[in-house]
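Start counting the sequence shown at 1; every next residue gets the next number (UniProt numbering).
Comments concern the structure below.
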Amino acid sequence: MEFMNAYKHLEKLCGDILNDERRISAYIDEMAKISDGSTKVHNWDNDLKKLKHYRWIRNQIVHEPDCQEENICHPDDVAWLNNFYSRIMNQTDPLALYLKSSKVNPLTKTQKESNYSPQRKKIHHKTKRSANFTLFFIILIVLIFVLLIATFLFQK
(Lines of atoms letter the chains of each structure in order from A and count residues from 1; the text may use other names and numbers.)
(Lines give C-alpha, C1' and ligand atoms only; values in the text may rest on other atoms or scores of the structure.)
Protein backbone atom coordinates (compact mmCIF):
# COMPACT_ATOMS: atom_id res chain seq x y z
CA MET A 1 0.00 0.00 0.00
CA GLU A 2 3.02 2.28 0.12
CA PHE A 3 2.81 3.03 -3.60
CA MET A 4 -0.91 3.81 -3.47
CA ASN A 5 -0.48 6.06 -0.43
CA ALA A 6 2.31 8.01 -2.13
CA TYR A 7 0.29 8.20 -5.34
CA LYS A 8 -2.85 9.44 -3.55
CA HIS A 9 -0.78 12.03 -1.67
CA LEU A 10 0.63 13.37 -4.94
CA GLU A 11 -2.77 13.10 -6.62
CA LYS A 12 -4.42 15.29 -3.98
CA LEU A 13 -1.71 17.93 -4.31
CA CYS A 14 -2.04 18.02 -8.10
CA GLY A 15 -5.80 18.37 -7.78
CA ASP A 16 -5.41 21.23 -5.31
CA ILE A 17 -2.87 23.25 -7.28
CA LEU A 18 -4.68 22.79 -10.59
CA ASN A 19 -8.17 22.99 -9.11
CA ASP A 20 -9.06 20.00 -11.27
CA GLU A 21 -10.71 16.72 -10.31
CA ARG A 22 -8.54 14.85 -12.82
CA ARG A 23 -5.56 15.56 -10.57
CA ILE A 24 -2.41 13.82 -11.87
CA SER A 25 -4.04 13.44 -15.29
CA ALA A 26 -4.61 17.21 -15.30
CA TYR A 27 -0.93 17.77 -14.46
CA ILE A 28 0.06 15.44 -17.30
CA ASP A 29 -2.30 17.28 -19.67
CA GLU A 30 -0.80 20.64 -18.68
CA MET A 31 2.66 19.30 -19.47
CA ALA A 32 1.45 17.86 -22.78
CA LYS A 33 0.08 21.28 -23.82
CA ILE A 34 3.56 22.79 -23.65
CA SER A 35 5.45 21.97 -26.80
CA ASP A 36 8.82 23.45 -25.80
CA GLY A 37 8.96 22.16 -22.21
CA SER A 38 11.80 19.76 -22.91
CA THR A 39 13.95 22.58 -24.29
CA LYS A 40 13.44 24.78 -21.23
CA VAL A 41 13.28 22.28 -18.34
CA HIS A 42 15.85 19.56 -17.64
CA ASN A 43 14.28 16.06 -17.48
CA TRP A 44 10.89 17.32 -18.73
CA ASP A 45 10.32 14.27 -20.94
CA ASN A 46 11.50 11.86 -18.24
CA ASP A 47 9.14 13.38 -15.65
CA LEU A 48 6.23 13.24 -18.08
CA LYS A 49 7.00 9.63 -18.94
CA LYS A 50 7.26 8.68 -15.24
CA LEU A 51 3.96 10.38 -14.37
CA LYS A 52 2.20 8.52 -17.18
CA HIS A 53 3.80 5.25 -16.11
CA TYR A 54 2.78 5.68 -12.47
CA ARG A 55 -0.75 6.59 -13.52
CA TRP A 56 -0.81 3.35 -15.53
CA ILE A 57 0.48 1.37 -12.52
CA ARG A 58 -2.18 2.93 -10.30
CA ASN A 59 -4.88 2.00 -12.82
CA GLN A 60 -3.57 -1.56 -13.01
CA ILE A 61 -3.68 -1.93 -9.23
CA VAL A 62 -7.16 -0.44 -8.95
CA HIS A 63 -8.87 -1.98 -11.98
CA GLU A 64 -7.18 -5.29 -12.75
CA PRO A 65 -8.14 -8.37 -10.75
CA ASP A 66 -5.24 -10.11 -9.05
CA CYS A 67 -2.90 -7.17 -9.70
CA GLN A 68 -1.20 -6.30 -6.46
CA GLU A 69 1.15 -3.50 -5.59
CA GLU A 70 3.85 -5.89 -4.36
CA ASN A 71 4.04 -7.55 -7.79
CA ILE A 72 4.16 -4.43 -9.92
CA CYS A 73 5.93 -1.76 -7.82
CA HIS A 74 9.48 -1.19 -6.68
CA PRO A 75 10.53 0.89 -3.63
CA ASP A 76 12.16 3.34 -6.08
CA ASP A 77 8.69 4.09 -7.44
CA VAL A 78 7.50 5.26 -4.03
CA ALA A 79 10.66 7.33 -3.58
CA TRP A 80 10.13 9.00 -6.97
CA LEU A 81 6.50 9.88 -6.15
CA ASN A 82 7.51 11.33 -2.77
CA ASN A 83 10.32 13.28 -4.40
CA PHE A 84 7.99 14.67 -7.06
CA TYR A 85 5.58 15.76 -4.31
CA SER A 86 8.45 17.65 -2.64
CA ARG A 87 9.42 19.23 -5.94
CA ILE A 88 5.90 20.60 -6.38
CA MET A 89 5.91 21.95 -2.82
CA ASN A 90 9.29 23.62 -3.48
CA GLN A 91 8.17 24.86 -6.91
CA THR A 92 10.94 22.90 -8.62
CA ASP A 93 8.57 20.64 -10.55
CA PRO A 94 8.48 20.81 -14.37
CA LEU A 95 5.51 23.18 -14.67
CA ALA A 96 6.83 25.59 -12.04
CA LEU A 97 10.29 25.60 -13.64
CA TYR A 98 8.76 26.18 -17.05
CA LEU A 99 6.75 29.14 -15.77
CA LYS A 100 9.86 30.58 -14.10
CA SER A 101 11.90 30.22 -17.29
CA SER A 102 9.13 31.78 -19.35
CA LYS A 103 8.64 34.87 -17.16
CA VAL A 104 11.50 36.66 -18.87
CA ASN A 105 9.95 35.95 -22.28
CA PRO A 106 6.63 37.30 -23.57
CA LEU A 107 3.76 34.90 -22.96
CA THR A 108 3.11 32.44 -25.73
CA LYS A 109 -0.31 31.10 -26.63
CA THR A 110 0.46 27.84 -24.82
CA GLN A 111 1.32 29.66 -21.60
CA LYS A 112 -1.83 31.78 -21.74
CA GLU A 113 -3.96 28.64 -22.02
CA SER A 114 -2.26 26.89 -19.12
CA ASN A 115 -4.25 26.46 -15.90
CA TYR A 116 -1.20 25.76 -13.77
CA SER A 117 -0.22 28.09 -11.00
CA PRO A 118 2.20 27.02 -8.29
CA GLN A 119 0.25 29.03 -5.72
CA ARG A 120 -2.85 27.46 -4.28
CA LYS A 121 -6.19 28.45 -5.79
CA LYS A 122 -7.51 29.18 -2.29
CA ILE A 123 -5.32 32.27 -2.08
CA HIS A 124 -6.87 33.62 -5.29
CA HIS A 125 -10.34 32.84 -3.92
CA LYS A 126 -9.67 34.83 -0.72
CA THR A 127 -8.40 37.78 -2.76
CA LYS A 128 -11.50 37.70 -4.94
CA ARG A 129 -13.77 37.55 -1.87
CA SER A 130 -11.91 40.51 -0.34
CA ALA A 131 -12.33 42.54 -3.54
CA ASN A 132 -16.06 41.76 -3.61
CA PHE A 133 -16.43 42.89 0.01
CA THR A 134 -14.56 46.13 -0.71
CA LEU A 135 -16.78 46.85 -3.72
CA PHE A 136 -19.92 46.17 -1.65
CA PHE A 137 -18.68 48.48 1.11
CA ILE A 138 -17.95 51.32 -1.34
CA ILE A 139 -21.40 51.01 -2.92
CA LEU A 140 -22.99 51.04 0.54
CA ILE A 141 -21.12 54.25 1.49
CA VAL A 142 -22.16 55.93 -1.78
CA LEU A 143 -25.81 54.99 -1.18
CA ILE A 144 -25.73 56.36 2.36
CA PHE A 145 -24.11 59.56 1.09
CA VAL A 146 -26.78 59.96 -1.63
CA LEU A 147 -29.56 59.39 0.93
CA LEU A 148 -28.07 61.99 3.27
CA ILE A 149 -27.83 64.56 0.47
CA ALA A 150 -31.38 63.80 -0.67
CA THR A 151 -32.68 64.14 2.90
CA PHE A 152 -30.84 67.43 3.34
CA LEU A 153 -32.18 68.84 0.02
CA PHE A 154 -35.80 67.85 0.67
CA GLN A 155 -35.84 69.35 4.18
CA LYS A 156 -35.57 72.86 2.72
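We put the CB at the ideal spot given by N, CA and C, even for glycine.
- Judged by DSSP in its simplified three-state form, Asn-90 adopts coil rather than helix or strand.
- Taken through DSSP and simplified to helix, strand or coil, Val-41 comes out as coil.
- Take the alpha-carbon of Leu-99 and the one of Val-62: they are about 33 Å apart.
- According to the DSSP assignment, Asp-16 belongs to the alpha helix (DSSP H) that extends over 2 to 18.
- In this structure, Leu-95 and Tyr-7 do not form a Cβ contact; the two beta carbons are roughly 18 Å apart against a cut-off of 8 Å.
- In the pairwise beta carbon analysis, the segment 67 to 86 is classified as touching the segment 47 to 56: at least three pairs are separated by under 8 Å.
- For Lys-40, same chain residues with a beta-carbon under 8 Å away, outside a window of 5 residues either side, are Leu-97, Tyr-98, Ser-101, Ser-102 in chain order.
- Between Phe-3 and Cys-73, the gap from beta carbon to beta carbon is short of 7 Å.
- Residues of the same chain with a CB within less than 6 Å of the CB of Leu-48, apart from the 5 flanking positions on each side, are Met-31 in chain order.
- Per DSSP, the unbroken alpha helix (DSSP H) holding Ser-25 starts and ends at 24 to 33.
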